[in-house]
Amino acid sequence: MGRAPCCSKVGLNKGAWTPQEDLRLITYIQQYGHSNWRALPKLAGLKRCGKSCRLRWINYLRPDIKRGNFTQEEEETIIKLHNKLGNKWSKIASCLPGRTDNEIKNVWNTHLKKQLASNEQNAKTKSTTTDSSNPQLEKIEIPVENEMDISSLLMDDSTSSQAEETKNAEKPVCSDSDSISTFTFSDAVNSFGDVENDPFDITNLFIEPELWEEIEPKERDIISQEREENEGGEVRDWFKHLERELMKDANDQIDPFLRDLNFDDFKIVF
DNA sequence: AACGTCTGCAACCGCCGTTCA
DNA sequence: GTGAACGGCGGTTGCAGACGT
Numbered sequence: 012m013g014r015a016p017c018c019s020k021v022g023l024n025k026g027a028w029t030p031q032e033d034l035r036l037i038t039y040i041q042q043y044g045h046s047n048w049r050a051l052p053k054l055a056g057l058k059r060c061g062k063s064c065r066l067r068w069i070n071y072l073r074p075d076i077k078r079g080n081f082t083q084e085e086e087e088t089i090i091k092l093h094n095k096l097g098n099k100w101s102k103i104a105s106c107l108p109g110r111t112d113n114e115i116k117n118v119w120n121t122h123l124k125k126q127l128a129s130n131e132q133n134a135k136t137k138s139t140t141t142d143s144s145n146p147q148l149e150k151i152e153i154p155v156e157n158e159m160d161i162s163s164l165l166m167d168d169s170t171s172s173q174a175e176e177t178k179n180a181e182k183p184v185c186s187d188s189d190s191i192s193t194f195t196f197s198d199a200v201n202s203f204g205d206v207e208n209d210p211f212d213i214t215n216l217f218i219e220p221e222l223w224e225e226i227e228p229k230e231r232d233i234i235s236q237e238r239e240e241n242e243g244g245e246v247r248d249w250f251k252h253l254e255r256e257l258m259k260d261a262n263d264q265i266d267p268f269l270r271d272l273n274f275d276d277f278k279i280v281f
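Count along the first sequence from 1, then add 11; that gives the number in the numbering used here.
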């Protein structure tokens, strides 16, 4: 007996999402959250499968998505973690704030895998020398263990043994099982700081309640204060962007659901 | 300009683990 | 204990734009 399909596929839209659909999804989630993905499309008036909505939100519409090319540091992190974890994209993504598993998977399959392959090829042809044109992309041999501390993988190879000794004294960049307790607001700021044209301020990022509890009280105050000042701005900007997109196609009819929206009604959801 | 090929990425598919009645 | 419902994950596909001929 096979599993029932996640939803009836009859009459549902497939393929690329339209700006109208995006706007509907964002609007609904901002107002009501996403406690039930299966029910969401019906409640939001979307002709989409719940899974499709979830994927669209997680991979594209979430306000805390980090846009732009991956930095060298991020690529190094992916390579190191992939060496250790294999294709555990969600685990790798959990160590790269603002990056999605899908995005990381794509980057790996389209760029990093090829780079590593060509790097290995170069290493074979230049087997007499230890030089490498791209040292950070060299394959790193790390023994696989059942229990692991990802933070050690993210430290410099040269400092890893030292790091092991001072494990408890050092604050890891990320840990598989306990990332929430060690990831501070300052870490987030640093990790987002050099992103060009980042449309979202760090203080407006959606923060899961559990994570919010773990943020230092002082930092929470700073975030809250800045949020009060900017409340709704990020969402409004995003709506405005979508509005512009919507207006590009003169043949589009204005969605009645969206027509009467008052953008000032929307606030960041905690 | 027209056509074919390549590349990157968004989205889909199907399976798995967890939860709950 | 069982199976349906659901969220999540990883592999794969398909499309659009870039590029080459």
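Just so you know, even glycine gets a beta-carbon here, dropped at the ideal spot from N, CA and C.
Assign residue i to one of three DSSP states: helix, strand, or coil.
{"i": "aspartate 160", "result": "With a pLDDT of only 48 at aspartate 160, under 50, the local geometry of the prediction cannot be trusted, and no value is derived from it."}
{"i": "leucine 54", "result": "helix"}
{"i": "glycine 61", "result": "helix"}
{"i": "tryptophan 100", "result": "helix"}
{"i": "lysine 25", "result": "coil"}
{"i": "histidine 122", "result": "helix"}
{"i": "proline 108", "result": "coil"}
{"i": "asparagine 80", "result": "coil"}
{"i": "proline 30", "result": "helix"}
{"i": "arginine 67", "result": "helix"}
{"i": "arginine 35", "result": "helix"}
{"i": "histidine 45", "result": "coil"}
When you compare only the Cα positions, how much space is there between residue i and residue j?
{"i": "leucine 92", "j": "asparagine 113", "result": "15 Å"}
{"i": "threonine 82", "j": "proline 108", "result": "13 Å"}
{"i": "threonine 136", "j": "histidine 122", "result": "21 Å"}
{"i": "asparagine 117", "j": "alanine 104", "result": "12 Å"}
{"i": "lysine 178", "j": "serine 46", "result": "Confidence is the limiting factor: at lysine 178 the pLDDT is only 35, short of 50, which leaves the residue's position unreliable, though a coordinate-based value still follows. In a straight line, the C-alpha of lysine 178 is about 38 Å away from that of serine 46."}
{"i": "cysteine 60", "j": "glutamate 131", "result": "42 Å"}
{"i": "isoleucine 37", "j": "leucine 51", "result": "11 Å"}
{"i": "lysine 102", "j": "alanine 27", "result": "27 Å"}
{"i": "arginine 65", "j": "glutamine 126", "result": "32 Å"}
{"i": "aspartate 75", "j": "glutamate 87", "result": "22 Å"}
{"i": "glycine 44", "j": "alanine 134", "result": "51 Å"}
{"i": "isoleucine 90", "j": "arginine 110", "result": "15 Å"}
{"i": "leucine 23", "j": "arginine 73", "result": "23 Å"}
{"i": "glutamate 84", "j": "lysine 53", "result": "41 Å"}
{"i": "lysine 25", "j": "asparagine 120", "result": "24 Å"}
{"i": "arginine 67", "j": "alanine 55", "result": "14 Å"}
{"i": "asparagine 80", "j": "lysine 62", "result": "27 Å"}
{"i": "asparagine 98", "j": "proline 30", "result": "32 Å"}
{"i": "lysine 58", "j": "asparagine 70", "result": "19 Å"}
{"i": "tryptophan 48", "j": "isoleucine 115", "result": "23 Å"}
{"i": "cysteine 106", "j": "lysine 124", "result": "19 Å"}
{"i": "aspartate 33", "j": "tryptophan 100", "result": "25 Å"}
Going by other Cβ atoms of all chains shown within 10 Å of its Cβ, with 16 needed for buried, is residue i buried or exposed?
{"i": "tyrosine 39", "result": "buried"}
{"i": "lysine 95", "result": "buried"}
{"i": "glutamate 207", "result": "Summary for glutamate 207: the model assigns pLDDT 35, below 50, so the residue's position carries little reliability; its value from the coordinates is reported in the next sentence. So glutamate 207 counts as exposed."}
{"i": "glutamine 42", "result": "exposed"}
{"i": "lysine 77", "result": "buried"}
{"i": "alanine 128", "result": "exposed"}
{"i": "arginine 35", "result": "buried"}
{"i": "isoleucine 218", "result": "In this predicted model, isoleucine 218 has a pLDDT of only 44, less than 50, meaning its place in the structure is not dependable; the value taken from the coordinates is given anyway. Flag for isoleucine 218 reads buried."}
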